[in-house]
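**Student:** This structure is in structure tokens; I'll ask about it shortly.
Number of protein chains: 4
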Amino acid sequence: MAPTKKAGVLGATGSVGQRFILLLSDHPDFELSVLGASKRSAGKPYADAVEWKQTTLLPESASGIVVQECLPENFKDCDVVFSGLDADYAGDIEKQFVEAGLVIISNAKNYRRQVDAPLVVPTANPEHLDTYKTVKAQANGAKKGFQICISNCSTAGLVVPLRALKDAFGPLEAVTVTTMQALSGAGFSPGVPSMDIIDNLIPYIGGEEDKLEWEPRKILGTIAADGVTFQNIPEEDMRISAQCNRVAVTDGHTGCVSIKFKNSKPTPEQVKEALRNYTSAAQELRTHSAPSKIIHVLEQNDRPQPRLDRDRDSGYAVSVGRVREDPVFDIKFVFLSHNTILGAAGSGILIAELLLAKNLI
Amino acid sequence: MAPTKKAGVLGATGSVGQRFILLLSDHPDFELSVLGASKRSAGKPYADAVEWKQTTLLPESASGIVVQECLPENFKDCDVVFSGLDADYAGDIEKQFVEAGLVIISNAKNYRRQVDAPLVVPTANPEHLDTYKTVKAQANGAKKGFQICISNCSTAGLVVPLRALKDAFGPLEAVTVTTMQALSGAGFSPGVPSMDIIDNLIPYIGGEEDKLEWEPRKILGTIAADGVTFQNIPEEDMRISAQCNRVAVTDGHTGCVSIKFKNSKPTPEQVKEALRNYTSAAQELRTHSAPSKIIHVLEQNDRPQPRLDRDRDSGYAVSVGRVREDPVFDIKFVFLSHNTILGAAGSGILIAELLLAKNLI
Amino acid sequence: MAPTKKAGVLGATGSVGQRFILLLSDHPDFELSVLGASKRSAGKPYADAVEWKQTTLLPESASGIVVQECLPENFKDCDVVFSGLDADYAGDIEKQFVEAGLVIISNAKNYRRQVDAPLVVPTANPEHLDTYKTVKAQANGAKKGFQICISNCSTAGLVVPLRALKDAFGPLEAVTVTTMQALSGAGFSPGVPSMDIIDNLIPYIGGEEDKLEWEPRKILGTIAADGVTFQNIPEEDMRISAQCNRVAVTDGHTGCVSIKFKNSKPTPEQVKEALRNYTSAAQELRTHSAPSKIIHVLEQNDRPQPRLDRDRDSGYAVSVGRVREDPVFDIKFVFLSHNTILGAAGSGILIAELLLAKNLI
Amino acid sequence: MAPTKKAGVLGATGSVGQRFILLLSDHPDFELSVLGASKRSAGKPYADAVEWKQTTLLPESASGIVVQECLPENFKDCDVVFSGLDADYAGDIEKQFVEAGLVIISNAKNYRRQVDAPLVVPTANPEHLDTYKTVKAQANGAKKGFQICISNCSTAGLVVPLRALKDAFGPLEAVTVTTMQALSGAGFSPGVPSMDIIDNLIPYIGGEEDKLEWEPRKILGTIAADGVTFQNIPEEDMRISAQCNRVAVTDGHTGCVSIKFKNSKPTPEQVKEALRNYTSAAQELRTHSAPSKIIHVLEQNDRPQPRLDRDRDSGYAVSVGRVREDPVFDIKFVFLSHNTILGAAGSGILIAELLLAKNLI
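Chains as they are written, first to last, in the numbering used here: chain Y, 745 to 1105; chain G, 745 to 1105; chain E, 745 to 1105; chain D, 745 to 1105.
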């Protein structure tokens, strides 16, 4: 069955853009239609414009596509546009695209705090996409652009289990998380210099802790009464403290989490059961990329490990291990998620699949 | 000035033993006198018995020493004996040595919980060594063996700043710590298999979290009224939660810590000042290996880093960086300490220097 | 279409055994039928007996199979038996299996120099398998066991381009090769200790250089007139010098090669064309695992690279790059091949497919 | 004894410049006098201008020095100027400095092929510095600038043993070398991106093979009859083939070498003896940084290794191991040298010490 929807990619030559292209190259629903990059690349076949740095070969379906400038008119036939643009460019360009009536699913941080832009981890808060239904209804049939934001890469692996636990055991009073994040999260050229990471780690990632302490408030929050904006969980109702580190791992963000619940104190066994049983609209709507299990609960002492577990369910699942009592809070555990799949490009693809399943594109 | 005291090393061919030998090879106070190892090694010159794996060459002063079996009579002239024995052997052998009237400073875990064995990080609780004064006084001049324990390698880097903060701001109500620990902590042959750590991390170190949650209770505790045993801080008075990870770093354990004080809420600036001003008997008694600063407080955002900072003050200092408010507790920061120096062999050497400075050996 | 042939695996819990199982788990021709391991493992379901260390999950088809001891009677229904046994055990066990009439395809080094055992890299010398035809013919229909050897892991990546160049330009007078070999080649537990390889390399692999200097003489040699034994290229007709290093790479052996031809001096362009055009019976017989291209010739300056190129054609291809004139010999280039696929288990699978295609099993 | 000579450093904030400063910070002969860097850094104290990336702390003697622009007048009182400038800047600036009568010892590649500029590895060809004696004599007492070039980092470790072997066994007919080079050779920011080197290697370093195939011709060549220019060994008299790789090692270049002699065929034992016995003017003139042994010959099978052996003699020695017969040429072995000490800044310091010992500055 041929794809029915046309997809564009902004920032197509960058590391997130390359991942979008890989994931779209043989997608049943979306046809890779337009590739946008800088003026310098525009006019060249994609294979000539890109320095391809993936472990699978550049898909033939993409290699011959002539790169366009990132102007809305070049993408006007796209049903959905994925943006892998750097934050320096995403602000202006994405705004123009939305104003031109396009649906943008962006990996950039620029609009994540905008009150009417859903910030979505597709296996954590797919229902937030429903505000687009309201927006479209209010537009009375006029074509209506829409800005959707993919979360920060480390947020994704944290909020999926948080959502499952909140559903099962009620509000979270406090969350402490220390991450050990992969190098691909910083991009390729140059990304993290090798002299900074061989026989070393960096106990700091600029801006990351702020994102990790803030984004879960919106993702685990609710749609406001207007059906269009979002109501975040106030800081005093869910305190979060994050410490973020860069380690010598290519792909896969790991986090050590401690959680205190407001009204309950589940046992480790109850927590594991809740995580195992957690399902999501991404599965119920039978989207193409939905993982077989949203959360893999691992029983071995020394798992999850990035190299061995990051590719479970093609990188769309979160792995959780070492669930145990916490002597300070209630529960502690380790999570792992693939930072360029569930934490970036893959999330965008799954969001688009959800939009399609919900008849919003 | 020639060394005045004779030192022996148990487990001399192992990784901790090698470190003891390096640190003793040109020590002003201690002469490397007897090297003990397994029967298989006994009778060989040390250079032939050992597979030397240090980044500095095998000291000539050690290479010709003929290795002995680990029997008390072979060490009877030693003023102090350093033990780098594996836990499997340390139990019986160290007991025999103490019964034979020898002073043992051991890196093994076996006797750390023994109520009359000091568990000492020399820049955190040097006063705990004073129980030996009582022991000797009670012996009425008879030669009296004594068991002293070096802390677990990850404990050292944590308790030094904890001690400084407790001294400055009173009791600690809760401590959460996530460590990223170096490979040398697991020994050399085989230690951690390389396939487990290249492009990977292991979110588990057997027994480590227990140690890190328990040892600070004794180290930050007090000498009991009998002058001989120790009174630990009860669990309910200082809750500690640890998550321990192995990362691709050769030397240097890093930890991300959050602290809640019982009775105060110091600012980050006050915390940094308290850490900077912290001094210890190791310095006041002018011991040879005492660091110039017990704690280095780093102001750069992205420090401490293992490769760049582990060797400060020859590995005897603890580096602390990123001191900042914690949204859940009061304060959070990152510490780094050299796991084979302050966290193991170096601690043993500094303990011996303290015993000497206190006229206990 | 259901598999038609039954396959057994010896040494099923080891690292090579695990790879055999992965490759057989959904194979169209072979059904994973019997798993053999040590007495300690025998009687347990495979999932309980193995410490699974692959980046893909343990196949369900294998997890429930009850492990057997490595006795011929347990494997008597197998059409082919793959051996991942350690050299310490392979000698005796494989001998018994062959004597019992079984066809053994072994990764062990034990029988590689046996004069009537084919030593086969399936994309380099598939015709050597034809000696089994003679053996079977001489047996007059009696069931006849047969020993086939997979080459050393670093040999595979070298001899495939050597074969292509020998076919195109005649005998090779001299070959100098320096390898940089992956850690998985040394197994998992313990394999190479991590302290030996982080921020380091080891310029030595026990026995490896001998293998690399000898095995190509047999692989590029000919079947003797008896149709059963092999005639190796004499040392003086093809001199080979190898230097082998272990580097911090998980999978993928890289080699820098210089070649002097006896009778010709092809240009780099001619060499690249010959490599590109090289085909093999593995392709012509349309075996399931044959690569789309036996040799990928890469034009970018800085390729092949292990992380980016080792999985081309699922690890069954060899990548060659940097083909250029050699100031000392004639031609130099860099090769890369996947040491656990083409260099070990995958070679075994492809050999079995060839046997099947040739109607020898 | 206070230093008697004033030293300047060009490119002081770069990675080579940082190394010069470390090595000069407590040097008995040279006083760190002027630090030159870009306009952007000029006017700032060095501690503020530099992003210090060494494993030892920024020396206090350097931290307060106010950085100057790289103009000859700012360095006019310097007896010697060390240049760590990038090739992009070194060409013009160094020319101006020499024209202004200054002695420049440069790590840049720009003037290495200039016929009257010595290209010196101080433990390989210290006698090449004597051309400055002729230059000064011809100048009749007028102040005379002079350009001296430090070799490429990988050349240093190769030519020292080559010189020893040429002295002992006569001309070298052919040399094949494959290097595995450290990351610090590419600088720090950004240097080699980490995504290119974790679980990977790069079989290419731009321009490196050319340098390694050419520089030994000059270094092992002779001073011409004019006493001022150099006569290189012609290509046909000493053929060299190099293949250069980047590997995941912070410091220390390793090379696998095969050598064919023109007129002799020494045994491995003879080669080892010649390497062990090799001495150099750097030692005979009792310069401060001369290594205790120019070449360390290691007998263990698996050495030299970068992490364990790069710091022998503070990085000024070359380690050679695995000396054995070569089936194609005569002899093969592995060398290791510290790329930022003997291969760069340290070479510069030792050259300056030689100039001083020879009364040339």
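Beta carbons: idealized from backbone N, C-alpha and C, even for Gly.
These numbers were taken from a predicted model, which means no experiment stands behind them.
Between the segment 937 to 953 of chain Y and chain E, which residues of the former have CB atoms less than 8 Å from a CB of the latter, in chain order?
**Tutor:** Of all residues in the segment 937 to 953 of chain Y, the ones placed with a Cβ closer than 8 Å to any Cβ belonging to chain E are Ile942, Asp943, in chain order.
**Student:** Spatial neighbours of Asn818 of chain D within its chain, please: C-beta separation below 7 Å, excluding the five flanking residues on both sides.
**Tutor:** Taking the first residue of the fourth sequence as 1, we reach residue 818 of chain D at position 74. Here the set comprises Val778, Gly780, Gln812.
**Student:** Pop quiz: Asn870 of chain Y and Leu1019 of chain Y are said to be a contact at Cβ under 8 Å. What is the actual Cβ separation, rounded to whole angstroms?
**Tutor:** As a working mapping, residue 870 of chain Y is identified with position 126 in the first sequence. As a working mapping, residue 1019 of chain Y is identified with position 275 in the first sequence. Note that residue 870 of chain Y is Pro in the sequence shown here, rather than Asn. Actually they are not in contact, since the Cβ atoms of Pro870 of chain Y and Leu1019 of chain Y sit about 18 Å apart, beyond 8 Å.
**Student:** Quick check on DSSP: helix, strand or coil for Ile837 of chain Y?
**Tutor:** Along the first sequence, one-based indexing puts residue 837 of chain Y at 93. It is helical.
**Student:** Which two residues bound the contiguous beta strand (DSSP E) that contains Asn989 of chain Y?
**Tutor:** Looking up residue 989 of chain Y in the first sequence gives position 245. Where Asn989 of chain Y is concerned, the enclosing beta strand (DSSP E) stretches over 983 to 990.
**Student:** Between Ile1038 of chain D and the ligand ZN, is there a pair consisting of the residue's CB and a ligand heavy atom that are separated by less than 7 Å?
**Tutor:** Within the structure as shown, the ligand ZN is missing, as the structure has no ligands at all.
**Student:** Whose C-beta lies closer than 7 Å to the C-beta of Lys1037 of chain D among residues of the same chain, with five residues either side of it excluded?
**Tutor:** As a first step, residue 1037 of chain D is located in the fourth sequence; it is residue number 293 there, counting from the start. Asp1057, Ala1061.
**Student:** Counting only Cβ-Cβ distances shorter than 8 Å, please list the residues of the segment 992 to 1020 of chain E near chain G, keeping chain order.
**Tutor:** Taken in chain order, the members of the segment 992 to 1020 of chain E whose beta-carbon sits within less than 8 Å of a beta-carbon on chain G are Ala992, Val993, Thr994.
**Student:** Classify Ala883 of chain G as helix, strand or coil using the three-state DSSP reduction.
**Tutor:** Start at 1 with the first residue of the second sequence, and residue 883 of chain G comes out as number 139. Reduced to three states, the DSSP call for Ala883 of chain G is coil.
**Student:** Could you confirm whether any beta carbon from chain D is found closer than 8 Å to the beta carbon of Pro934 of chain Y?
**Tutor:** The count along the first sequence starts at 1 and reaches residue 934 of chain Y at position 190. So, interface residue.
**Student:** Taking Cβ-Cβ distances below 9 Å as the criterion, which residues of the segment 962 to 987 of chain D are in contact with chain E?
**Tutor:** Of all residues in the segment 962 to 987 of chain D, only Glu979, Arg983, Ile984, Ser985, Ala986, Gln987 come within less than 9 Å of chain E when Cβ atoms are compared, listed by chain position.
**Student:** Reducing DSSP to helix, strand and coil, say where Cys893 of chain Y ends up.
**Tutor:** Walking along the first sequence from the start, residue 893 of chain Y turns up at place 149. In this structure, Cys893 of chain Y counts as strand in the three-state DSSP scheme.
**Student:** Can you list the alpha helix (DSSP H) stretches of 4 or more residues lying completely in the segment 924 to 1009 of chain E, in chain order?
**Tutor:** 952 to 963
**Student:** Given a limit of 8 Å on CB to CB distance, which residues of the segment 1035 to 1053 of chain E reach chain Y?
**Tutor:** Arg1051, Leu1052
**Student:** Just how far apart, CA to CA, sit Ile1039 of chain E and Asn1083 of chain E?
**Tutor:** Along the third sequence, one-based indexing puts residue 1039 of chain E at 295. Along the third sequence, one-based indexing puts residue 1083 of chain E at 339. Cα to Cα, the separation comes out at about 15 Å.
**Student:** Just mark Lys955 of chain D as buried or exposed, buried being the case when its beta carbon has 16 or more other beta carbons within 10 Å.
**Tutor:** For this step, residue 955 of chain D is matched to residue 211 along the fourth sequence. Answer is buried; the Cβ neighbour count reaches 16.
**Student:** I need the straight-line Cα distance from Pro747 of chain G to Glu1028 of chain G, nearest angstrom please.
**Tutor:** By one-based count along the second sequence, residue 747 of chain G stands at place 3. By one-based count along the second sequence, residue 1028 of chain G stands at place 284. Roughly 21 Å between the two C-alpha positions.
**Student:** Quick one, are the C-beta atoms of Gly971 of chain D and Thr875 of chain D less than 8 Å apart?
**Tutor:** For the purposes of this step, residue 971 of chain D is taken as residue 227 along the fourth sequence, with counting starting at 1. For the purposes of this step, residue 875 of chain D is taken as residue 131 along the fourth sequence, with counting starting at 1. In this structure, Thr875 of chain D lies closer than 8 Å to Gly971 of chain D by Cβ.
**Student:** Distance, Cα to Cα, Lys877 of chain G vs Ser827 of chain G?
**Tutor:** For this step, residue 877 of chain G is matched to residue 133 along the second sequence. For this step, residue 827 of chain G is matched to residue 83 along the second sequence. C-alpha separation (whole angstroms): 22 Å.
**Student:** Got a sec: which bits of the segment 795 to 812 of chain E sit with their beta carbon under 7 Å from any beta carbon on chain D, in order along the chain?
**Tutor:** none
**Student:** Could you tell me which chain G residues have their CB closer than 8 Å to the CB of Asp1055 of chain D, listed as they occur along the chain?
**Tutor:** Residue numbering aside, residue 1055 of chain D sits at position 311 when the fourth sequence is read from its first letter. Ordered by position in chain G, the residues that pass the 8 Å Cβ test against Asp1055 of chain D are Thr799, Thr800.
**Student:** Establish whether the CB of Pro960 of chain D and some CB of chain E are separated by less than 8 Å.
**Tutor:** Counting from one through the fourth sequence, the residue named residue 960 of chain D turns up at place 216. It does not; no Cβ of chain E falls within 8 Å.
**Student:** Using a Cβ-Cβ cut-off of 8 Å, state whether Asp1074 of chain E counts as contacting chain D.
**Tutor:** Position 330 of the third sequence, counted from the start, is the residue given in the question as residue 1074 of chain E. No, no contact with chain D.
**Student:** Three Cβ pairs or more, each shorter than 8 Å: is that satisfied between the segment 767 to 776 of chain D and the segment 796 to 813 of chain D?
**Tutor:** yes
**Student:** By Cβ distance, which residues of its chain are closer than 6 Å to Val794 of chain Y, with the 5 residues on each side in sequence left out?
**Tutor:** Here residue 794 of chain Y refers to the residue found at position 50 when the first sequence is read from its first residue. Excluding sequence neighbours, Val794 of chain Y sits near Thr757.
**Student:** Would you call Ala918 of chain E buried or exposed, if buried means 16 or more other Cβ atoms sit within 10 Å of its Cβ?
**Tutor:** Start at 1 with the first residue of the third sequence, and residue 918 of chain E comes out as number 174. It is buried - the Cβ of Ala918 of chain E has at least 16 other Cβ atoms within 10 Å.
**Student:** Write down the C-beta distance between Ile1003 of chain Y and Leu916 of chain Y rounded to the nearest angstrom, noting that I regard them as a contact closer than 8 Å.
**Tutor:** On the first sequence, residue 1003 of chain Y is found 259 positions in, with the first residue counted as 1. On the first sequence, residue 916 of chain Y is found 172 positions in, with the first residue counted as 1. Ile1003 of chain Y to Leu916 of chain Y, Cβ: 6 Å. Contact.
**Student:** DSSP state of Leu776 of chain E, grouped into three classes?
**Tutor:** Indexing the third sequence from 1 puts residue 776 of chain E at position 32. Note: Leu776 of chain E maps to strand in three-state DSSP.
**Student:** I'd like the span of the beta strand (DSSP E) that includes Ser1091 of chain G, first residue to last.
**Tutor:** Position 347 of the second sequence, counting from 1, holds the residue named residue 1091 of chain G. For Ser1091 of chain G, no beta strand (DSSP E) encloses it; the enclosing alpha helix (DSSP H) starts and ends at 1089 to 1101.
**Student:** Within its chain, find whatever has a CB closer than 6 Å to the CB of Gly808 of chain E; leave out the 5 residues flanking it on each side and keep chain order.
**Tutor:** Within the third sequence, numbered from 1, the residue matching residue 808 of chain E stands at position 64. Once the five neighbours on either side are set aside, the close Cβ partners of Gly808 of chain E are Pro789.
**Student:** What residue does the alpha helix (DSSP H) around Arg763 of chain G start on, and which one ends it?
**Tutor:** If you number the second sequence from 1, residue 763 of chain G lands on position 19. If you look at Arg763 of chain G, you'll find it in the alpha helix (DSSP H) that goes 759 to 768.
**Student:** At a CB-CB cut-off below 9 Å, which residues of chain G make contact with Leu927 of chain E?
**Tutor:** Translated into positions along the third sequence, residue 927 of chain E becomes position 183. Here the neighbours are Pro937, Ser938, Met939, Ile942.
**Student:** Across the segment 927 to 940 of chain E and the segment 920 to 936 of chain G, are there enough close Cβ pairs to call them in contact, namely three or more that are closer than 8 Å?
**Tutor:** yes
**Student:** Please check the pair Cys988 of chain G and Ser898 of chain G, which I expect to be a contact at CB under 8 Å, by giving their CB distance rounded to whole angstroms.
**Tutor:** The residue given as residue 988 of chain G occupies position 244 in the second sequence. The residue given as residue 898 of chain G occupies position 154 in the second sequence. Indeed they touch by this definition, with Cβ atoms about 7 Å apart.
**Student:** What is the DSSP secondary structure of His1082 of chain Y, counted as helix, strand or coil?
**Tutor:** Translated into the one-based positions of the first sequence, residue 1082 of chain Y becomes position 338. DSSP places His1082 of chain Y in coil when its eight states are reduced to three.
**Student:** Which two residues bound the contiguous beta strand (DSSP E) that contains Glu1043 of chain G?
**Tutor:** If you number the second sequence from 1, residue 1043 of chain G lands on position 299. Glu1043 of chain G -> no beta strand (DSSP E), and no H or E assigned at all.
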